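Just so we're aligned: the sequence shown equals residues 1 to 318 in full-length UniProt numbering. Yeah, the Cβ is synthetic: ideal placement off N, Cα and C, and Gly gets one too. Here the structure is a predicted model, which means the values were calculated and not measured. One structure is given below, encoded as structure tokens.
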Amino acid sequence: MTEGATEAVTQVVRLRPRSVAALAVAGLVGVLGFGWPFLTGAGDAGAAARGAGPNAPYLFLVLLPLVIAVVLAELTEGGMDAKAVAMLGVLSAAGTALRALSPGTGGFEPTLFLVILAARVFGAGFGFALGSVVILASGLATGGVGPWLPFQMVGLAWVGLAAGLLPRASGRAERVLLAGYASVAGFAFGALLNLSFWPFSTSLPAGMSYAAGEPVLTNLRHYAAFYVTTSFGWDCVRAVVNAALILLAGRVVLGTLRRAARRAAFEAPVDFDAPVNVTAPVNVDAPANFGAPAEQSTGQLPPAQRTDRPADTRWARP
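Shown next, in the form of structure tokens:
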């Protein structure tokens with residue numbers, strides 16, 4: 001494959017109508033789960049006093065894992081074969097190792113690099129599944145299980161899903177496109193995850209804390225001030241690191257993943273119903289002559305050989 005050729009995306013996870021519907025429901029629940037501070041009791045002090053805002057995160061904390069489980073089950077129900085599951089397991093292990101070695105310290109989190117490139121090669125459905133499984137596996141492996149885990153799973157799943165939907169490109173243009181997307185995703189991922197704990201931070205100044213019952217624009221200004229003050233520096237490191245990794249190692253990693261996709265032939269149909277002729281006669285009584293020369297490439301049998309067998313079979317072919 002030449003540098004300028006455009007590689008088609010290998011749809012390892014086939015998105016059927018039910019899968020698309022499940023992804024849409026998961027997206028809606030995720031938007032509500034992240035955006036509830038700006039939606040529940042906004043501008044309504046009475047609703048905030050009745051608990052419309054504070055009770056919302058507990059509802060989504062229960063709903064998000066269930067929705068993710070339903071989506072993953074729907075994606076794998078007839079949409080993934082054994083080869084796809086094996087590839088998902090290998091890449092999930094690699095992503096878990098990356099998170100274990102660099103658990104977001106100082107914003108250094110190269111997991112997005114792997115998820116984006118894998119989603120680019122194997123498709124949007126695979127990217128969603130990989131993002132979710134990487135976060136879940138790394139959380140179980142490192143003890144990072146908590147109320148934040150479903151939000152992290154949805155956030156990285158969205159990163160993989162969107163990466164698989166990027167327009168086609170080739171060569172250097174493709175790597176620049178993916179690097180630019182990694183930069184944007186680095187900031188968006190951090191901004192989304194902050195929403196999982198920002199409303200509960202009670203030690204913040206008045207201009208940065210969540211104000212229940214206040215108008216949407218007021219809370220947006222407060223959150224913007226909080227984000228720039230506390231998280232923007234970390235997210236800059238995340239964006240730069242993942243973009244640089246794609247520019248430096250993207251060509252090698254993309255080539256490796258695409259070779260694996262071609263060899264695995266994920267999209268090749270497998271026919272287990274092909275007829276097999278098991279009624280062809282086989283002469284098990286014919287003597288074996290291990291000294292006879294093998295058939296030539298022309299398909300002709302070797303000449304008859306003289307043997308000490310009875311006369312009626314003396315000139316029989318071996």
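Would residue i be called buried (16 or more neighbouring beta carbons within 10 Å of its own) or exposed?
| i | result |
| --- | --- |
| S201 | exposed |
| E295 | The predicted position of E295 is uncertain, since its pLDDT is 48 and thus under 50; a value taken from the coordinates is nonetheless stated next. Classification of E295: exposed, given that the 10 Å Cβ count is below 16. |
| G46 | Note that G46 scores 47 on pLDDT, short of 50, meaning its location in the model is unreliable; the coordinates nonetheless yield the value given after this. G46 comes out exposed. |
| T256 | exposed |
| L72 | buried |
| V184 | exposed |
| V13 | buried |
| T10 | buried |
| G43 | Because the pLDDT of G43 is 43, which lies under 50, any placement of that residue in the model is unreliable, and the number read from its coordinates should be weighed accordingly. Looking at its Cβ environment, which holds fewer than 16 other Cβ atoms inside 10 Å, G43 is exposed. |
| P199 | buried |
| residue 325 | Outside the displayed range of the chain (1 to 318) lies residue 325, so it cannot be described from this structure. |
| L98 | buried |
| V20 | exposed |
| L28 | exposed |
| G123 | buried |
| L15 | buried |
| L217 | exposed |
| A179 | buried |
| G143 | exposed |
| V228 | exposed |
| A22 | buried |
| L248 | exposed |
| A261 | buried |
| A86 | exposed |
| A239 | buried |
Since residue i is in the alpha helix (DSSP H), which residue starts that stretch and which ends it?
| i | result |
| --- | --- |
| F34 | P17 to G35 |
| P150 | L149 to A163 |
| T230 | V216 to T230 |
| L114 | T111 to F122 |
| V85 | A82 to L101 |
| S183 | G171 to N194 |
Determine, using beta carbons only, whether residue i and residue j come nearer to each other than 8 Å.
| i | j | result |
| --- | --- | --- |
| A129 | L88 | yes |
| S132 | A100 | no |
| G250 | R175 | yes |
| T111 | A141 | no |
| F126 | N242 | no |
| L91 | A118 | yes |
| I246 | A182 | yes |
| W158 | G30 | yes |
| V134 | V67 | no |
| R258 | V121 | yes |
| L204 | F226 | yes |
| L220 | F38 | yes |
| P150 | P65 | yes |
| W148 | F108 | no |
| M153 | L177 | no |
| residue 387 | K83 | A query on residue 387 cannot be resolved here, the shown segment of the chain reaching from 1 to 318 and no further. |
Following a CB-centred definition, is residue i positioned closer than 7 Å to any heavy atom of the ligand NAD?
| i | result |
| --- | --- |
| L15 | Questions concerning the ligand NAD fall outside what the structure shown contains, since it holds no ligand whatsoever. |
Determine whether the Cβ of residue i lies closer than 8 Å to any Cβ atom of chain B.
| i | result |
| --- | --- |
| S138 | This model lacks chain B altogether, as it is built from one protein chain only. |
Handout entry: Three CB pairs or more closer than 8 Å across the region 188-205 and the region 233-244
Key = Yes, the region 188-205 is in contact with the region 233-244.
Contact between the region 157-164 and the region 206-221 is defined here as three or more beta-carbon pairs at a separation below 8 Å; is this criterion met? No, the region 157-164 does not touch the region 206-221.
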